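*Asks:* Numbering (the numbering used here), first residue to last: 1131 to 1310. Yeah, the Cβ is synthetic: ideal placement off N, Cα and C, and Gly gets one too. Please read these numbers as outputs of a predicted model, since none were measured by experiment.
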Amino acid sequence: MTAENGKDKRDKRLLTLDDVAANACELLLTHGSHVSTVLVEGSGKLAIIQLRGVPPTPEERAQHMFIAGFKLAQKDQELRVIEQLFHITEGWMSAVSADDTSALPPSEDPKRKEVLLVSQLNIRQRQAGGRVFEMRRDDTGQLAEVVSLDIGMGDQTEAFSPLLGAFAFGFFTGRESSPG
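Now the structure itself:
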């Protein structure tokens, strides 16, 4: 970033999924946890939103993200256009076969893995992607290492995040209803 006329201006180059994932892993290893965070890049700036009190159900989480996007649009009048979004969050992951109808939710599966999820939605290029990292702890429960997981979809998992979609929809709705 460079300072011009007292305001921070970002370089024209957008963040990459790899850069965001590497920084998220570094922060996770340094602090032992990662607060659920949304990075919003657009209009020559970067907004960082830490999400507190994330609800337990997928529907409530989508509503939470919609509201966060709506509030950002109302609060930050300089952020007119979103080019891309990132969501960084901790979670649980389970491996199940497609025909397994008795699968437990990941949070209840005794074979679950603790993971860091990094999702990207590039609106300008109409692309979505993500990375998954396993959080491995030592015998005392301290985070010891973070390892990239291959979930069978190649190096860059192309998967749309409904939560980033909800955030973007909230932002666009808030932008439409904001004065100015």
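1. Thinking F1263 and S1278 are a contact (beta carbons under 8 Å), I'd like their distance in whole angstroms, please.
2. Tell me the rounded alpha-carbon separation between W1222 and I1212.
3. Between the C-alpha atoms of Q1207 and P1235, what's the straight-line distance to the nearest angstrom?
4. Using the beta-carbon count (16 or more within 10 Å), is I1218 buried or exposed?
5. What's the call for A1274, buried or exposed, on a 16-neighbour Cβ count within 10 Å?
6. According to DSSP, which residues form a beta bridge with T1219?
7. Whole angstroms is fine: what's the gap from E1171's alpha carbon to E1306's?
8. Does any CB atom of chain B fall closer than 7 Å to the CB of E1264?
9. Which residues bound the beta strand (DSSP E) around R1267?
10. Could you tell me which of C1155, G1162 and L1157 sits nearest to T1270, measuring between CA atoms?
11. For T1167, which residues does DSSP report across the bridge?
12. Thinking just about the alpha-carbon of each residue, which of L1293, F1302, F1301 and G1300 is nearest to the one in P1090?
13. So, I1178 versus A1198, is the Cβ gap smaller than 7 Å?
14. By the three-class DSSP mapping on this structure, what secondary structure does V1150 have?
15. For L1273, which three-state DSSP category applies?
16. To the nearest angstrom, how far is it from the Cα of C1155 to the Cα of S1237?
17. CB-CB under 6 Å to D1285, same chain, minus the five flanking residues each way: which ones, in chain order?
18. Is G1199 helix, strand or coil by DSSP?
19. On the DSSP letters alone, give me the boundaries of the alpha helix (DSSP H) that E1306 sits inside.
*Replies:* Reading off the structure:
1. 6 Å
2. 29 Å
3. 40 Å
4. buried
5. exposed
6. L1247
7. 19 Å
8. In the structure shown, chain B cannot be found, because there is only a single protein chain.
9. Q1257 to R1267
10. G1162
11. Q1180 and I1218
12. The structure shown has nothing for residue 1090, since the chain only spans 1131 to 1310.
13. no
14. helix
15. strand
16. 21 Å
17. For D1285, the predicted structure reports a pLDDT of 47, less than 50, and the residue's modelled location is therefore unreliable. A value from the coordinates is still provided. None.
18. helix
19. P1292 to S1307
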